[in-house]
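S.K.: Counting with my numbering, you get residues 2 to 221 for the letters of the sequence shown.
All C-beta atoms, glycine included, are put in the ideal place defined by N, C-alpha and C.
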Amino acid sequence: MVLKTLVSGYAGSGKSYFALTHPKVAWLLTEPGSEVLLDTHPALAKNVAWVESFLPSPEEDIKAVFERMDKAVLKAFQGFKDGSVETLVLDNVTMLSENRWIYISQYEKVLSRNGEVDTRGMYGTLGRWLYLFTLKSILSFKGNVVMTCHEMDEEEQNEKGVSTKTGNVIPNILGGFREKVEGMFSASMYLDKKNIGQGAYKYMARCQKGSGRNAKNRYG
Numbered sequence: 002m003v004l005k006t007l008v009s010g011y012a013g014s015g016k017s018y019f020a021l022t023h024p025k026v027a028w029l030l031t032e033p034g035s036e037v038l039l040d041t042h043p044a045l046a047k048n049v050a051w052v053e054s055f056l057p058s059p060e061e062d063i064k065a066v067f068e069r070m071d072k073a074v075l076k077a078f079q080g081f082k083d084g085s086v087e088t089l090v091l092d093n094v095t096m097l098s099e100n101r102w103i104y105i106s107q108y109e110k111v112l113s114r115n116g117e118v119d120t121r122g123m124y125g126t127l128g129r130w131l132y133l134f135t136l137k138s139i140l141s142f143k144g145n146v147v148m149t150c151h152e153m154d155e156e157e158q159n160e161k162g163v164s165t166k167t168g169n170v171i172p173n174i175l176g177g178f179r180e181k182v183e184g185m186f187s188a189s190m191y192l193d194k195k196n197i198g199q200g201a202y203k204y205m206a207r208c209q210k211g212s213g214r215n216a217k218n219r220y221g
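#1: Between residue 138 and the rest of its own chain, which residues show a CB-CB distance below 8 Å, the 5 nearest in sequence each way excluded?
#2: Thinking C-alpha only, which one of 184, 26, 175 is nearest residue 87?
#3: Could you give the residue range of the alpha helix (DSSP H) that holds residue 39?
#4: Would you say the region 161-173 touches the region 129-138, given that touching needs at least three Cβ pairs under 8 Å?
#5: On the CB-based measure, 16 or more other CB atoms within 10 Å of its CB, does residue 92 come out buried or exposed?
#6: Compare the Cα-Cα distances from residue 212 to each of 197, 190, 203, 196 and report the closest residue.
#7: Should residue 171 be labelled buried (16 or more other beta-carbon atoms within 10 Å of its own) or exposed?
#8: Since residue 85 and residue 50 are thought to touch, with beta carbons under 8 Å apart, how far apart are those beta carbons, to the nearest angstrom?
#9: Hey, how far is the Cα of residue 217 from the Cα of residue 148?
#10: Closest by CA to residue 214, which one among 2, 8, 3?
#11: Reducing DSSP to helix, strand and coil, say where residue 77 ends up.
#12: Run the CB neighbour count on residue 144, radius 10 Å, all protein chains shown included, and call it buried at 16 or more, exposed below.
#13: Helix or strand or just coil, what does DSSP make of residue 17?
#14: Taking the alpha carbon of residue 210 as the point to measure from, which residue in 95, 219, 204 has its own alpha carbon closest?
#15: Among all the DSSP beta bridges, which residues are the ones paired with residue 139?
#16: With residue 106 as the anchor, note down where its alpha helix (DSSP H) starts and where it stops.
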């Protein structure tokens, strides 16, 4: 069975670890620090076909970062054809949305008729790009797909215009794409862990709706 999974959770809940339990992983990283898993968990490292990071830096223009990402996606697709890659992992979409906002601010800035920056229009550009990239470059991959995401408390404005928490937990993605992303995957899981004493933890995955999380699982 081919799995298409969105996995959300707070920092340290096991998102990257879960992703690397899949076979022959092409690991696309948009946040720093996760590579240490390859050193601390040798068994997981055996599952990784290759890894590449896509981080903004003073030495590389943000446009070049996204050009490299497009090439890496094609490399993963070719890897599936030749058998070297079975799983495409994007880790994570939270940082991807922030990085794309940097790109849009530099190369696709939207201006109003009076010449002011149209932030709402730029959020629209961001949402459309995230949808198209997820659909075309990630979910069209023929093997397993795992997209990781940080989680956030949902907020809405009350009648006084003050933001208040709703009690729900949702994917932490910049802009309106957070409202669409869960519907694009066959499984949307939320990870959690509890301290069971003596420095040990129990890791869990919510796979059905509950506790304010709109999880789902079409795989049974």
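M.R.: Looking at the atomic coordinates:
#1: As a position in the sequence shown, residue 138 is number 137, starting the count at 1. Cβ within range, chain order: 71, 74.
#2: Position 86 of the sequence shown, counting from 1, holds the residue named residue 87. Residue 26 is the option with its Cα nearest to residue 87.
#3: As a first step, residue 39 is located in the sequence shown; it is residue number 38 there, counting from the start. 38-41 is the span of the alpha helix (DSSP H), which, as asked, contains residue 39.
#4: no
#5: Numbered from 1 along the sequence shown, position 91 holds the residue referred to as residue 92. So residue 92 counts as buried.
#6: Taking the first residue of the sequence shown as position 1, residue 212 is located at position 211. Of the candidates 197, 190, 203, 196, the one whose C-alpha sits nearest the C-alpha of residue 212 is 190.
#7: As a working note, residue 171 is residue 170 in the sequence shown. Under this definition residue 171 is a buried residue.
#8: For this step, residue 85 is matched to residue 84 along the sequence shown. For this step, residue 50 is matched to residue 49 along the sequence shown. Right, the Cβ-Cβ distance comes to about 5 Å (below 8 Å), so this counts as a contact.
#9: Position 216 of the sequence shown, counting from 1, holds the residue named residue 217. Position 147 of the sequence shown, counting from 1, holds the residue named residue 148. One C-alpha to the other measures close to 15 Å.
#10: Mapped onto the sequence shown, residue 214 falls at position 213. For the set 2, 8, 3, the Cα lying nearest the Cα of residue 214 is the one of 8.
#11: On the sequence shown, position 76 is the one that residue 77 refers to. It is helical.
#12: Position 143 of the sequence shown, counting from 1, holds the residue named residue 144. The residue in question, residue 144, is buried, as its Cβ has 16 or more Cβ neighbours within 10 Å.
#13: Position 16 of the sequence shown, counting from 1, holds the residue named residue 17. Helix.
#14: What you label residue 210 is simply residue 209 of the sequence shown in a count that begins at 1. Considering only alpha carbons, the answer is 219.
#15: Taking the first residue of the sequence shown as 1, we reach residue 139 at position 138. Residue 139 pairs with nothing; no bridge assigned.
#16: Along the sequence shown, read from residue 1 onward, the residue named residue 106 stands at position 105. 94-108 is the span of the alpha helix (DSSP H), which, as asked, contains residue 106.
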